[in-house]
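Numbered according to UniProt numbering, the sequence shown spans residues 1 to 122. Note that the Cβ used here is the ideal one computed from N, Cα and C, for glycine as well.
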Amino acid sequence: MTITCFIRYEIDPFGKAAFEQYARAWGQAIPRCGADLIGYYAPHEGSATTAYAAYDIESLAAYEAYRARLAADPAGKANYEFARREKFILKEDRVFLKLVSGPHGPRQVFRTDVTVKEGIEA
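See below:
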């Protein structure tokens with residue numbers, strides 16, 4: 001059973017660019033160390049201090065082995081040190097969840113090139 005690790009970050013509102021650099025750096029290291037990275041999400045609208053990350057892993061046992069590999073990985077070490085040195089991450093919380101709503105149906109495609117003339121769709 002695959003589980004998803006969701007990470008909620010509280011970041012310094014003036015550290016958004018540093019967080020984005022940190023997030024991009026994980027793009028190679030996380031998959032190389034054994035997790036399926038879904039992505040990192042930085043503030044865009046609304047809160048300037050809340051960011052997220054998500055990745056899939058096979059199990060909690062696999063997670064423990066993955067974390068050890070990530071801590072030993074040269075890019076992982078460098079990124080952890082970058083975050084520690086720059087102090088843009090104020091708080092970090094993890095939760096592990098399993099998908100229970102799948103499988104999902106196909107997404108519907110809708111026209112986006114609709115023009116309106118005098119209240120009547122053309």
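- Residue state for Lys91 is assigned as strand, using DSSP reduced to three classes.
- For a cut-off of 8 Å, the C-beta gap from Asn79 to Ala42 is around 15 Å, too long to register as a contact.
- Burial check for Ala68: the Cβ neighbour count within 10 Å stays below 16, so the residue is exposed.
- Inter-segment contact for the region 85-93 and the region 3-10 is present: three or more beta-carbon pairs are separated by less than 8 Å.
- For Leu99, the secondary structure class from DSSP, reduced to helix, strand or coil, is coil.
- When secondary structure is reduced to three states using DSSP, Phe14 falls in the helix class.
- Of the other Cβ atoms in all chains shown, 16 or more fall within 10 Å of the Cβ of Phe88; this residue is therefore buried.
- Counting only the Cα atoms, Tyr40 lies some 13 Å from Thr4.
- About 19 Å separates the beta carbon of Ala17 from that of Ala75, a gap too long to meet the 8 Å contact definition.
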